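Plus 246 on top of the position in the sequence shown (first one is 1) and you've got this note's numbering.
Every residue, glycine too, gets a C-beta built ideally from N, C-alpha and C.
Predicted, not measured: the structure shown is a model, and the values here were computed from it.
One structure is given here, and the rest of the page talks about it.
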Amino acid sequence: MIARDLGNGTRLVIVPSAKFKTVSVRVHLQAGMDGGRTCRSLLAAVLTRGTRTFPDMTALQRRLDDLYGAVLGADTHKIADVQLTAFTLSAADPRFLADAPELPAQAAALLGEVVREPAREGRLLVPAYVATEKENLRRLLRSQKDFKAGYAALRLGEIMFAGEPHGRNELGDAEDIDGIDAARLSAHYDEWIRTAPLDVLVAGDVDADAMATACAAFARGRAGGPRRAAHPPRPECGAVRTVYEEDDVRQARLAMGFRHGAVIGGAGHAAAEVASGMLGGFPHSKLFRRVREKESMAYSVGSAYDAAAGVLAVSAGIAADACERTAAMVREAVGELARGEFEEDDVRAAQAGIVRRARSAGDVPASMLVQRYVWSLFGAQYDEDEWVRAVQSVTGADVAAAAQRLRLDTVYCLRGKERG
Numbered sequence: 247m248i249a250r251d252l253g254n255g256t257r258l259v260i261v262p263s264a265k266f267k268t269v270s271v272r273v274h275l276q277a278g279m280d281g282g283r284t285c286r287s288l289l290a291a292v293l294t295r296g297t298r299t300f301p302d303m304t305a306l307q308r309r310l311d312d313l314y315g316a317v318l319g320a321d322t323h324k325i326a327d328v329q330l331t332a333f334t335l336s337a338a339d340p341r342f343l344a345d346a347p348e349l350p351a352q353a354a355a356l357l358g359e360v361v362r363e364p365a366r367e368g369r370l371l372v373p374a375y376v377a378t379e380k381e382n383l384r385r386l387l388r389s390q391k392d393f394k395a396g397y398a399a400l401r402l403g404e405i406m407f408a409g410e411p412h413g414r415n416e417l418g419d420a421e422d423i424d425g426i427d428a429a430r431l432s433a434h435y436d437e438w439i440r441t442a443p444l445d446v447l448v449a450g451d452v453d454a455d456a457m458a459t460a461c462a463a464f465a466r467g468r469a470g471g472p473r474r475a476a477h478p479p480r481p482e483c484g485a486v487r488t489v490y491e492e493d494d495v496r497q498a499r500l501a502m503g504f505r506h507g508a509v510i511g512g513a514g515h516a517a518a519e520v521a522s523g524m525l526g527g528f529p530h531s532k533l534f535r536r537v538r539e540k541e542s543m544a545y546s547v548g549s550a551y552d553a554a555a556g557v558l559a560v561s562a563g564i565a566a567d568a569c570e571r572t573a574a575m576v577r578e579a580v581g582e583l584a585r586g587e588f589e590e591d592d593v594r595a596a597q598a599g600i601v602r603r604a605r606s607a608g609d610v611p612a613s614m615l616v617q618r619y620v621w622s623l624f625g626a627q628y629d630e631d632e633w634v635r636a637v638q639s640v641t642g643a644d645v646a647a648a649a650q651r652l653r654l655d656t657v658y659c660l661r662g663k664e665r666g
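The structure is reproduced here in structure tokens:
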């Protein structure tokens, strides 16, 4: 890994690799999970509509086509109490082209223009683009309720972390949208792009000096604030909260949140991941075999460990009247793990699944860059081989100890208005 300080709160990180057929350039901008979330979510979309040189989507797409079909994207993430806005441009590796040695630098320069020199009318971001993306964001936020599994997970987080940054929607709040116009969004952009910590991440077979030159424009005119460290939500929990909500659904959705406390790169992280894998992370897990196959109580069931929050979440699609029985089965499965009631083969199967997932992520440039970056927010350095060794070293006793740390915090059930 090659790291260079470009000045003004701007950093370039290059992960040289010849195993990819593409070069991936990502720009990460940090902010808190504060009241500006909605503006920044809008900016992720508005900025990809046009630049100073390529002022609309047609011209911008034409330039991407000229760069041998490069692909531009933007998205918004939540990592503990950090809102991360990411812009990505992926281009072909010049090794596989006849004569395009400068393509990676050209891709970085174009991404720099997207982020630093958006299309404007006068001093404002193009009002028509802002208006369109406001409606798109409004629809996106409304559509979150249509995907019931995702909505149940969203509501679980809102309830479980009420009053904490981690409980807020990284896409923003629908009620904020009407109050945002081109003037307000432009002012927010100007301040954000000047002061937010900015990282340029590159993966591929590139010339470091050429990339540093191409990326210098990212730093110009910035003040650059201090980089944020991610702070997970509090690990404590009080009495278990059980929340039922009703909607026009035929299949109920159950979501359960357990606080654990082990975070990325910290003590107990690998054991918590293996415990989650054994509980509901894979088809051979306890929940899948019991709740879905043996009892036929769930259409889908699984668990996932969020190491940025130190939380294990269980999700299940179940019959309308099965919330209580399924929740009881989940509790019992966690208890079995804590008592060491499992076979060594179960441990090895979960470890193998986690290793496959890590290796698969390492084969995708953007995923690999995100993995390294997220770990850095917790003061840790991600190394794929070291992570694999950590997972493979987890013992059955470690799994039991990890399960013993799980504390049920919230049970959320979304069920139909008519049940029977």
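- Membership of Q276 in the beta strand (DSSP E) is indicated by the continuous run T268 to G278.
- DSSP lists no beta-bridge partner residue for Q352.
- Shown here, E578 sits in a helix according to DSSP, grouped into three states.
- With respect to the C-alpha of F528, the residue from A643, A291, S561 and A508 having the closest C-alpha is S561.
- H515 sits in a helix when the DSSP states are folded into three classes.
- Within the stretch 554 to 638, the alpha helix (DSSP H) runs of at least 4 residues that lie entirely inside it are, in chain order, 569 to 584, 590 to 608, 611 to 623 and 630 to 638.
- Contact annotation, R298 with G507: C-beta distance approximately 47 Å; criterion of less than 8 Å not satisfied.
- According to DSSP, residue pairing for I325 in a beta bridge involves V328.
- L444 sits close to G255, with the two beta carbons spaced by under 8 Å.
- Every alpha helix (DSSP H) stretch that sits fully inside the stretch 381 to 460 and reaches 4 residues is listed by chain position as 394 to 406 and 428 to 441.
- Annotation: T378 to L313 spans about 27 Å, alpha carbon to alpha carbon.
- Restricting attention to I426, M502 and E410, the CA atom closest to the CA of E570 is found in M502.
- Secondary structure of D345 (DSSP, three-state): coil.
- Between A607 and Q597, the beta carbon gap of about 16 Å keeps them out of contact (Cβ cut-off 8 Å).
- Looking at the DSSP output, S549 bridges to V560.
- Counting C-beta pairs with one atom in each stretch, the stretch 361 to 375 and the stretch 433 to 444 have three or more that are closer than 8 Å, which means they touch.
- Proximity to R440 across A277, S639, F266 and V271 peaks at A277, based on C-alpha coordinates.
- Beta-bridge annotation (DSSP): I510 is not paired with any residue.
- Residues D451 of the same chain have their beta carbon placed closer than 7 Å to that of R341, with the five preceding and five following residues left out of the count.
- Boundaries of the alpha helix (DSSP H) around C285: R283 to V292.
- The three-state secondary structure of D494, taken from DSSP, is coil.
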